[in-house]
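These notes are about the structure you will find just below.
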Amino acid sequence: MHKIHEFVNVEERLHEIAYHPAIINTVTRIFGEEPKLIQDMALLKPPHGGGEKPWHQDMAYGNLTYTKVAIGIWIAIDEATVENGCMHVIPGSHQEGATPHYAIRDWHLCDSHVPVERDIVIPLKPGGVLFFYGMLYHVTPSNFSHMRRRALQFHYVPTSAERVGPKEYKRMFTNELSGAEC
Ligand SMILES: O=C(O)CCC(=O)C(=O)O
């Protein structure tokens, strides 16, 4: 999978999407306060083997670990299907809170700890948007189809949220304290 970061300040049309009133108003309603954009990214999963993004929580990535919950929005550019690697989520898993991640194939949840029997797929038409909490367990499998799968992803936190320090980060998202093996 190819990723492109930090384009909203150099490409006006992408800036307009990230700050679109329909998005900002929705996220403001969920937070109960103004959001700030903390990450912008394009995710390009090429056909014929574009790689998986294993099960993870977005807030386990240090640049998204804040004192208040983040919201991600994932926008399909091409149609996202089961075949070309659309999103899968475990509904309600954000309520588990911060869960240890492991550096095995990437930085991800232990495969055997994910309740995959509750997995639901989120196919989207081009322009379709998924809003999801930064603690939600989610995955995108490899793309073995002949269709490319491009998406945009933006993350927001409440304006009053602050970055979590390194000690607290370790407690939240690593097994250093619990010693839990994968
Ligand atoms: O678009 C994808 O394939 C994966 C997106 C994702 O979950 C991430 O980058 O955190």
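Numbered per the working numbering, the sequence shown spans residues 4 to 185.
Glycine included, each C-beta is placed from N, C-alpha and C at the ideal position.
As the structure is a computational prediction, the values presented were derived from the model and not from experiment.
Given HIS91 as reference, the closest of ASP81, PRO129, TRP58 once Cα atoms are compared:
TRP58
Identity of the residues DSSP links to ASP43 by a beta bridge:
PHE157
Residue interval of the beta strand (DSSP E) (run including HIS59):
56–59
Quick one, which of GLY130, HIS111, GLY100 has its alpha-carbon nearest TYR136's?
GLY100
Looking at GLU179: is its Cβ nearer than 7 Å to the Cβ of THR70?
no
Beta-carbon gap between PHE157 and ILE76 smaller than 7 Å
yes
Taking 6 Å as the line, does the beta carbon of LYS197 fall inside it for any heavy atom of ligand 1?
Absent from the model: residue 197. The displayed extent of the chain is 4 to 185, so no value can be given.
Below 6 Å, is the gap between the Cβ of ALA154 and the nearest heavy atom of ligand 1?
yes
Given 6 Å as the limit, tell me if THR102 has its C-beta closer than that to any heavy atom belonging to ligand 1.
no
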